[in-house]
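Residue numbers (the working numbering), protein chains in the order written: chain S, 1 to 372; chain A, 373 to 773.
As structure tokens, the structure follows; a few thoughts come after it.
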Amino acid sequence: MDFEVTPEEQELVEAVRSVLAQECPTALVRDVVENGSVPEQPWKSARELGWTAIDLPESLGGLGLGFTALGLVVEQHGGCIAPGPFLASVTQFLPLLLEAGTPDQLERFASPAGAGEVRGALGIDHGRAPQHQIGESLRARRDGDAWVLSGERFYVLDGDVADQIAVAARVDEGDGVGLFVVPQGAAETQRVVAADASRPVAHLRFDDVGVDPDRVLGAPGASARALSRALERATVAAALECVGACQTLLEMTLEHARNRRQFDQPIGAFQAIQHKCADMFVQVEKARATGYFAMMALAEDDPRRALAASMAKAAASDCQRLVCQEAIQIHGGMGYTWESDVQLFVKRAKTLEALFATGEAHRRRIAELLGV
Amino acid sequence: LKLHYDASTEEFRAELRAWLEANQPTSEETLADPMTSSAHMTEWAQRWQRRLFDAGLLVPGWPPELGGRNLPPVQQLVYHEEIARIPVERSANPQGLGIIAPSIHDYGSEFLEEKYLRPTLRAELTWCLGMSEPGAGSDLAALSTRAEVHDDHFVVSGQKIWTSGAHHADYCFCFVRTDPDAPKHKGISVVIIDMKAAGVRVRPLPEMNDREHVDFNEVFFDGVVVPRDHLVGPLNQGWSISAGSLAHERGMMWLNSASRLDGMVEGLLELARQPGQGGRRVGESESFRDAVARAYVDTQAIWFMGYRGFAKFARGEVSPEHSVLKLFGSEVAQGAALAATDALGVEALDVDYEGYGHDLTHGLAPWMTQYFQTYRMTISAGTSEIQRNIIAQRVLGLPRR
């Protein structure tokens, strides 16, 4: 048992960190937010260096390094609030394919997604209970061998830019869960004016969209387990990206507290500021430790994986709450300005709280799993 | 990063578990003669500690002559996990075994080691730790208990407070000021004081939970003569011993409190099944469910943070986890106890309970009592405010004023 990164894992972390520091400065994120630019980086590096394929089995052309390696990479992406398709494609779309795809579908969608040639997205209902975020707003019905989707999926990350979109829809049979992959263009999209404009979020409207049999993932009515397992991965990845963003917020805040002087001394010398920073550190440590446990539980397919995923998201939620609030508070008036980078990180962290169910919803799930 | 121990470690755990099962004191023994303080060495406690010593399971990282078996760090961790699972501690005098014995081992002369180390490990004598004073709490280095230095002895006068087990202890491992003119951290020494010596007086200081049960004391020294060879470490170097002695087993001491938090969470899960106010099951309350889930996540997080700290410790790196775990753990316990007292409402007012303090043979104390106990957790061994100072200044590198 080892809850700390090994030297090899640390090497990976350092490599990712240094590439991202080079290729994804905050100025690049700001350019996306302010000008709607679509930068090549850091997605290009992620593809070329194999980060997109890190958790894809070798049989599908991946590196097969497992979910822990992917989680560490995601955390670093959070540390620089990377824009681009990484989170949606590699941690949301790909896991669902891997859980439910046929060999043909794996070759057609998973391998190219792992290679970064296809960008995927995942459409679920983020407001629903964490274990099966289907809801009723999107339904699928049989039409011979094919299926027809009608309804809506809200707040789909990369929903209007991804090449392929995997959706979970309600079906009238079995466990009620159907999984489908549709190409961009099949649904009508509406870009959301999102709090965090560094990544696109869209609503998708399906007006009787036909889905060919080769785009049906698994068996509709017998897909709840595959969806839950894929959601566990997406949830833990969102939690880890949140931890990364919070870590940077903490570092920015410490830097500010050391340099900003009032009453003839650095404000970081005041106990009121020191205690806030200590509490931020505790929350970041707690969320990271819990996130790493979840990462291992998924990588090793531990029976506690559902519990672990909800714990990671709940802990990340507590963390971002305190860290975002105190980071702005300690930065003072400047922290509230548009030109301060603090706001960019805060908005990313808040977005990650809302996606894949809030901390409160995950605690409800935890209570349920504990038999309360 | 990996979740499981290797097979040989699990084999060790299984052997250890079987040994503990066969050798731990029975509840009949412990209930017949309960421990009443952290230096109350009952006969069964003495037998138990000696069994551990003889089996090399008292301080497993040490060699056999000191009650160990030179275990590597990972097996020591497993050892502490298993010890934390059983209802009795390794020693009825935890400060003697956990803090004072290692300090004597590290800093004491051959004479002191000969005279005190093995007898302490073999439960032949017990200790209290003389640190805090009325004028030196959070500011421990401000201590003013004076030890006049003479050629072959010291004369100690002053007062200690919060001295756990002083009324039962044979000796006091006592921090005293030997150079009043030096800067405050540089004039402190450690001496061993015989609690039966002339001029030592102990006044019990019962905690708010139960005036009949005493662990804390005030200790008064009035011209107490201490032989010169009872100085631990060099003269005026006591401050570094204080840092060193409290750091002992820090890599694993958190396990005890994590395990106790597990017990509280289990208690909350049990409480969820009970009928509550208004005839509903306690677990039907949304706010209670949220609080239980929160306590569960936070308690698990303490284990995970502890394991991360241990991994750093085992690799010889410094880890900040101790302060984080102390600070966070006490707050989690407080939240858990509050969730229970909220759920119980008026029922929480009944605090009838036979047991005492760290002795778990009677099971968990009533929730209101547990809640009161958490007041102590955020104060003792460095208040939450001091822990935040330590994190801010030593871990995060914020400037001192």
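Here a beta-carbon is modelled for each residue, glycine too, at the ideal position from N, C-alpha and C.
All values derive from a computational prediction rather than experimental measurement.
Judged by DSSP secondary structure, T189(S) falls within the beta strand (DSSP E) whose first and last residues are 188-191.
Scanning its chain for C-beta atoms nearer than 7 Å, with the 5 sequence neighbours on each side dropped, one finds around L443(A) the residues P432, G433, Y451, in chain order.
Excluding residues up to 5 positions away in sequence, S504, F588 lie with their Cβ nearer than 6 Å to the Cβ of W534(A) in the same chain. Taking C-beta atoms as the reference points, L254(S) and G123(S) fail to come closer than 7 Å. In the DSSP assignment, G530(A) falls outside any alpha helix (DSSP H) and within the unbroken beta strand (DSSP E) covering 525-532. Nearest to P459(A) by alpha-carbon distance, out of L768(A), E757(A), H477(A), A417(A), is A417(A).
At least one C-beta of chain A is nearer than 7 Å to the C-beta of P266(S). For the pair S631(A) and V669(A), the Cα-to-Cα distance works out to about 14 Å. Along the segment 93-161 of chain S, the alpha helix (DSSP H) occurs as fully enclosed runs of 4 or more residues at 94-100, 111-115, listed in sequence order. In terms of Cβ geometry, S561(A) and T550(A) form a close pair [threshold 7 Å].
Counting C-beta atoms within 10 angstroms of its own C-beta, R772(A) has fewer than 16 neighbours from the protein chains shown and is therefore classed as exposed. Between A269(S) and I81(S), the C-beta spacing is not below 7 Å. The shortest CA-to-CA distance from H522(A) to any of R748(A), V597(A), L388(A), I762(A) is the one to V597(A).
Contact between G655(A) and R645(A) holds, with the beta-carbon distance rounding to 6 Å and staying under 8 Å. If you check each beta-carbon in the segment 302-313 of chain S against every beta-carbon of chain A, the ones closer than 7 Å belong to D302, M311.
By the neighbour-count criterion, in which 16 or more other beta carbons inside 10 Å mark a residue as buried, D207(S) falls on the exposed side.
The beta-bridge partner set that DSSP reports for H362(S) is empty. Residue environment for Q343(S): buried (at least 16 other C-beta atoms within 10 angstroms of its C-beta). Around A269(S), the beta-carbon contacts reaching into chain A at under 8 Å are L770, P771, R772, R773. Burial check for Q22(S): the Cβ neighbour count within 10 Å stays below 16, so the residue is exposed. Judged by DSSP secondary structure, S659(A) falls within the alpha helix (DSSP H) whose first and last residues are 658-686. Pairing D594(A) with S529(A) gives a Cβ-Cβ distance under 7 Å. Residues of the segment 224-256 of chain S with a Cβ closer than 8 Å to any Cβ of chain A, in chain order: L254. Inclusion of R305(S) and L298(S) in the CB contact set at 7 Å is warranted, their separation being smaller than that value. Residue contact check for R457(A) against chain S: no CB pair falls below 7 Å. At the C-beta level, M677(A) and A289(S) come within 7 Å of one another. Among the bridge pairs identified by DSSP, F545(A) is matched with L501(A), I564(A).
Collapsing the DSSP output to three states places Q184(S) in coil.
A169(S) and D318(S) have their C-alpha atoms some 30 Å from each other. The bridge partners DSSP lists for Q164(S) are G120(S), P183(S). Taking a Cβ-Cβ threshold of 8 Å, none of the residues of chain A is close to A21(S); the smallest such distance is about 21 Å. When Cβ pairs closer than 8 Å are counted between the two stretches, the segment 57-77 of chain S is seen to touch the segment 232-241 of chain S, the count reaching three or more. Assignment of L87(S) by DSSP, reduced to helix, strand and coil, places it in the helix class. The count of Cβ pairs closer than 8 Å, one atom from the segment 134-147 of chain S and one from the segment 163-179 of chain S, reaches three, so the stretches are in contact. Along the segment 70-102 of chain S, there is no position whose C-beta sits under 7 Å from a C-beta of chain A. Collapsing the DSSP output to three states places D318(S) in a helix.
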